[in-house]
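Notes to accompany the following structure.
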Ligand SMILES: [Zn+2]
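Numbering (my numbering), first residue to last: 10 to 280.
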């Protein structure tokens, strides 16, 4: 059994501020250590359940957050960016189950540090008629590879979003949001222990393959100033000043184009 964990930072316990998530901040080191510890707890739980291989994908920001020497030495880490499958890098390695660590809720939710993929750029993302966050967006990609999702840890709002698609998903709530930049955080040691135990208990029995019924991506952006760049992409259609649609009929192609759009939207046009 090969397992992949996609790891973000905003849903880790004890992470509540943008200062925790930014590499140049003094508070970042604490956050990355907690992120590493929660990811490692999931890996150890998987190996204790009989996994033959655990991959971890560092999925936050520049994707160089996890301290590799702190991981169980059997783990392999997808590190740095860009990665062709982004937060789901490794899905093409014959993965049997995928889980999520440190996940946060989507833009427009009440979660701590809530955003969708790129907080500064994406106002909201819809896939078909559903407003989605990163759990859904990434799980539908796993669905394209027929890989079941079996676990999530993150803040309470992120877990709530995951339950909309998978009501019985094995989970660990790391913190209860009390505001956009605040939360009632559970102790890191308790969270780590629960992640390890829940992963170990669930790996061999739980999981469902999630597929998008409608693969159309509708993107709503925050800053119209740089969005003209998106018209360079042939499969991307403008539907409003800040709205674009991607409808190639292929989920993975749409997923990749969406990410290309978020990158192009941050490139300032030449004066
Ligand atoms: Zn992140």
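Virtual Cβ for every residue (Gly too), placed ideally from N, Cα, C.
query, result
"Three-state secondary structure (DSSP) at residue 4?", "The structure shown does not extend to residue 4, since the chain spans only 10 to 280, so no value can be given for it."
"Pull up the CB-CB distance for residue 244 and residue 153, whole angstroms please, since I reckon it's below 8 Å.", "The Cβ separation is near 17 Å, so there is no contact."
"Kindly identify the DSSP beta-bridge partner or partners of residue 186.", "192"
"Exposed or buried, residue 281, counting other C-beta atoms within 10 Å across all chains shown (16 or more means buried)?", "The question about residue 281 has no answer here: the residues shown for the chain are numbered 10 through 280."
"What span of residues does the beta strand (DSSP E) with residue 228 cover, start to end?", "226-230"
"So, for residue 103: in the same chain, excluding its five sequence neighbours on each side, which residues have a beta-carbon less than 8 Å away from its beta-carbon?", "11"
"Tell me where the alpha helix (DSSP H) around residue 273 begins and ends.", "260-273"
"Does DSSP put residue 207 in a helix, a strand or coil?", "helix"
"What alpha helix (DSSP H) runs, 4 residues minimum, are completely inside the segment 10-63?", "27-30, 37-57"
"Quick one: does the C-beta of residue 244 sit closer than 7 Å to a heavy atom of ligand 1?", "no"
"Using a threshold of 7 Å, is the CB atom of residue 69 nearer than that to any non-hydrogen atom of ligand 1?", "yes"
"Can you grab the Cα-Cα spacing for the pair residue 198 / residue 181, in whole Å?", "13 Å"
"When the Cα atoms are used, what is the spatial distance from residue 110 to residue 237?", "35 Å"
"Can you tell me whether residue 170 sits near ligand 1, meaning its C-beta is under 7 Å from at least one heavy atom of the ligand?", "no"
"For the segment 119-176, which segments carrying the alpha helix (DSSP H) assignment without a break, of at least 4 residues, lie completely within its bounds, in sequence order?", "143-153, 165-174"
"Taking the alpha-carbon of residue 50 as reference, which of 247, 200, 241, 219 has the nearest alpha-carbon?", "200"
"If you draw a straight line from the alpha carbon of residue 258 to that of residue 223, how long is it in whole angstroms?", "8 Å"
"Assuming contact is defined by CB atoms lying nearer than 8 Å, are residue 176 and residue 119 in contact in what I supplied?", "no"
"Measure the alpha-carbon distance for residue 62 versus residue 254 and round it to whole angstroms.", "38 Å"
"Would DSSP call residue 255 helix, strand or coil?", "strand"
"Please return the same chain residues whose Cβ sits closer than 8 Å to the Cβ of residue 140, not counting the five positions on each side in sequence.", "115, 117, 133, 134"
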